[in-house]
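A.B. asks: I have a structure I would like to understand better, so I am pasting it below and will then ask my questions one at a time.
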Amino acid sequence: MEQHSTLTSEVVRLTVPRSLEYVRLVRLTAAGFASRLGYDVEEIDDVRRAVDELASIIVETGTGGDLEVGFRVAGGVLIVEGSAPAEIPPLVDELAHQILAVVVSVHDTGLESDRAWFRCEKPLPAGA
Amino acid sequence: MAPRDAERAALFAKFVEFRATGDRKLRNELIEAHRSLATHLARRFTNRGEPFDDLLQVAQLGMLKAVERFDTDRNLEFSTFATATIEGELKRHFRDRTWSVRVPRRAQELHLRLGTTIGELSQRLGHAPTIPELAEELGVSDDEVLQAMEVGGAYRSASLEAKSADSREAPVLERTLGRTDVGFDAAEHRVLVDELLSSLPERERRIVELRFYQEMTQTEIAEHVGISQMHVSRLLSRTLAELRSRLQGV
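Residue numbers (the working numbering), protein chains in the order written: chain A, 8 to 135; chain B, 175 to 424.
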């Protein structure tokens, strides 16, 4: 999978220190972005949970550097991508897979160019 | 033997048997027999901005741990051991949620109102409300609603963060590498998750299964179980955090 897709102009980028403490900022941004797209409270909860799982996994995959996250819309779906420096691929356990399979339509992680990355997608709400 | 002594002796015998057999029915009986202690301890932590239902939930998980860990060979009353365990869980609950302490009191109060409002609006609108709909109903801004929603969450990052702050273990990278080396494969991990799920209290296990295995929405689960959607959301967060914490302890 391509790590850095072509970003549209409707992208929100967030760079935070690589610390679990800052994942809450990523969650809040995710919730704010999702809210602007018209998701209801349950769907926003889903987006936030997915971003929390994936961002936490990336933060825990290495040390140092920043966590970079981007939010955008393309092809009728919300796309959240994030990455941070790493030497090993992210470890996504079965519990995380199970959670992510339910709360988002697509989720993936990998290691590319010394960066661990994640990506998840969720279809936009009807009428958005 | 006085009736109270006889009762205590019978309970002690159950602990001994549970320790020997691990019988879940016995475990549940022991938890039930001490339910009032969990309730009493949860009440002592009220008026700190957390809903009583949530505190009771934490106390009951503490009781589960106490029952599972109680060593009958030690010369200790179960009530003493359980009180220390449950109080520890309740204190950890507050410590892990420092975010909720840092956010304005207004957001915490708003969070408490959110549950009822989401339920009312869902019924009136026929669907789960959006943030603007909630904001209008509550007479606050969208951002305030979002922040109030955040107050109720117990997320993976928060539990990991608390663990990191607590431990004097190896740096994160080393722990991650260590975990990779252990190399639980997917099937083993699934068995482990299943085992942990089966050790949860009935309602929590049911809610996790309905959401993540039967893919019901939170609103559907709320109707199914007879609690609010917000309560389902909180229970899911808490239970997942508990599962995550136990997985890390394996």
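By construction, the Cβ of each residue, glycine as well, lies at the ideal position given by its N, Cα and C atoms.
What residues in the region 40-51 of chain A bring their beta carbon closer than 8 Å to a beta carbon of chain B?
C.D. replies: Listed by position along the chain: S42, G45, Y46, D47, V48, E49, E50 and I51.
A.B. asks: Could you tell me if A57/A is buried or exposed, where buried requires 16 or more neighbouring beta carbons within 10 angstroms of its beta carbon?
C.D. replies: It is buried - the Cβ of A57/A has at least 16 other Cβ atoms within 10 Å.
A.B. asks: What is the DSSP secondary structure of G77/A, counted as helix, strand or coil?
C.D. replies: It is a strand residue.
A.B. asks: Determine, using beta carbons only, whether L118/A comes closer than 8 Å to chain B.
C.D. replies: No, because no Cβ of chain B sits closer than 8 Å to the Cβ of L118/A.
A.B. asks: Under 8 Å between the Cβ atoms of I106/A and E60/A?
C.D. replies: Yes, the Cβ-Cβ distance between I106/A and E60/A is below 8 Å.
A.B. asks: For A38/A, would you say it is in contact with chain B, using Cβ-to-Cβ distances shorter than 8 Å as the test?
C.D. replies: A38/A counts as touching chain B.
A.B. asks: Could you say if the region 288-308 of chain B and the region 253-264 of chain B meet the contact criterion of at least three C-beta pairs nearer than 8 Å?
C.D. replies: No, they do not touch.
A.B. asks: Less than 6 Å between C-beta atoms, sequence neighbours within five positions excluded: which residues of the same chain meet that for H114/A?
C.D. replies: Cβ neighbours of H114/A beyond the five flanking positions: L107 and C127.
A.B. asks: Can you list, in chain order, the residues of its chain with a C-beta nearer than 7 Å to that of L347/B? Leave out the 5 residues immediately preceding and following it.
C.D. replies: Here L347/B scores only 33 on pLDDT, less than 50, and its place in the model should not be relied on; the value that follows carries that caveat. Around L347/B: no qualifying Cβ.
A.B. asks: List the residues of chain B whose Cβ lies closer than 7 Å to the Cβ of I86/A, in chain order.
C.D. replies: Residues of chain B passing the Cβ test: none, with the nearest at roughly 20 Å.
A.B. asks: Which residues in the same chain as V319/B place their Cβ atom closer than 8 Å to its Cβ, once the five residues preceding and following it in sequence are excluded?
C.D. replies: Closer than 8 Å at Cβ, skipping near neighbours: L284, L288, I305, L308, A309 and L312.
A.B. asks: What's the gap between the Cα of D121/A and the Cα of A91/A?
C.D. replies: Looking at the two C-alpha atoms, the distance is approximately 8 Å.
A.B. asks: Rounded C-beta distance between H281/B and V325/B? I'm assuming under 8 Å.
C.D. replies: Here the sequence assigns Ala to residue 281/B, which means His is not the residue at that position. That belief holds up - the Cβ atoms of A281/B and V325/B are roughly 6 Å apart, short of 8 Å.
A.B. asks: Count the other C-beta atoms from every protein chain shown that fall within 10 angstroms of the C-beta of A184/B, then say buried if there are 16 or more, exposed otherwise.
C.D. replies: So A184/B ends up on the exposed side.
A.B. asks: Could you tell me whether any Cβ in chain A is nearer than 8 Å to the Cβ of H267/B?
C.D. replies: No, because no Cβ of chain A sits closer than 8 Å to the Cβ of H267/B.
A.B. asks: Do G293/B and S402/B have their beta-carbon atoms positioned less than 8 Å apart in this structure?
C.D. replies: Yes, these two residues count as a Cβ contact at 8 Å.
A.B. asks: Tell me, please, whether the CB atom of V19/A is closer than 8 Å to any CB atom in chain B?
C.D. replies: V19/A does not count as touching chain B.
A.B. asks: Please list, in chain order, the residues of the region 291-303 of chain B that have any C-beta partner in chain A closer than 8 Å.
C.D. replies: The residues in question are I292, H301, A302 and P303.
A.B. asks: Hey, quick one: how far does the alpha helix (DSSP H) through E50/A stretch, first residue to last?
C.D. replies: Per DSSP, E50/A belongs to the alpha helix (DSSP H) from V48 to E67.
A.B. asks: Compute the Euclidean distance between the alpha carbons of V111/A and S373/B, then round it to the nearest angstrom.
C.D. replies: C-alpha separation (whole angstroms): 27 Å.
A.B. asks: Below 8 Å on the Cβ atoms is my contact criterion, and I expect R25/A with V66/A to pass it. Report the Cβ-Cβ distance as a whole number of Å.
C.D. replies: Right, the Cβ-Cβ distance comes to about 6 Å (below 8 Å), so this counts as a contact.
A.B. asks: Buried or exposed: which applies to R279/B, given that a residue is buried once 16 or more other Cβ atoms fall within 10 Å of its Cβ?
C.D. replies: So R279/B ends up on the exposed side.
A.B. asks: Q282/B touches chain A at which residues, Cβ-Cβ below 7 Å?
C.D. replies: Within chain A, no residue comes near Q282/B; the closest Cβ sits about 15 Å away, beyond 7 Å.
A.B. asks: Return the residues of the region 380-410 of chain B that lie within a Cβ-Cβ distance of less than 8 Å from chain D, sorted by chain order.
C.D. replies: You won't find chain D in this structure, because its protein chains are A and B.
A.B. asks: Starting from V314/B, trace the alpha helix (DSSP H) both ways and give me its first and last residue.
C.D. replies: V314/B -> no alpha helix (DSSP H), and no H or E assigned at all.
A.B. asks: Do we get a CB-CB distance below 8 Å when we pair D227/B with the residues of chain A?
C.D. replies: For D227/B, the answer is no, since every Cβ of chain A falls outside 8 Å of its Cβ.
A.B. asks: Which residues share a DSSP beta bridge with A123/A?
C.D. replies: Beta-bridge pairing links A123/A to A91/A and L118/A.
A.B. asks: Under 8 Å, Cβ to Cβ, is there at least one residue of chain A near I260/B?
C.D. replies: Answer no: the Cβ-Cβ gap between I260/B and chain A never drops below 8 Å.
A.B. asks: What's the gap between the Cα of V149/A and the Cα of E181/B?
C.D. replies: With chain A covering 8 to 135 only, the question about residue 149/A has no answer from this structure.
A.B. asks: Under 8 Å, do E94/A and G77/A count as touching if we go by C-beta distance?
C.D. replies: Against a cut-off of 8 Å, the Cβ pair of G77/A and E94/A comes out as no contact.
A.B. asks: Assuming T22/A contacts E75/A under a Cβ cut-off of 8 Å, what Cβ separation, rounded to an integer in Å, is found between them?
C.D. replies: Right, the Cβ-Cβ distance comes to about 5 Å (below 8 Å), so this counts as a contact.
A.B. asks: List, from N- to C-terminal side, the alpha helix (DSSP H) runs of 4 residues or more that fit wholly inside the region 242-270 of chain B.
C.D. replies: Complete alpha helix (DSSP H) runs here, min 4: 252-270.
A.B. asks: State yes or no: is the C-beta of S407/B within less than 8 Å of the C-beta of D52/A?
C.D. replies: Yes, these two residues count as a Cβ contact at 8 Å.
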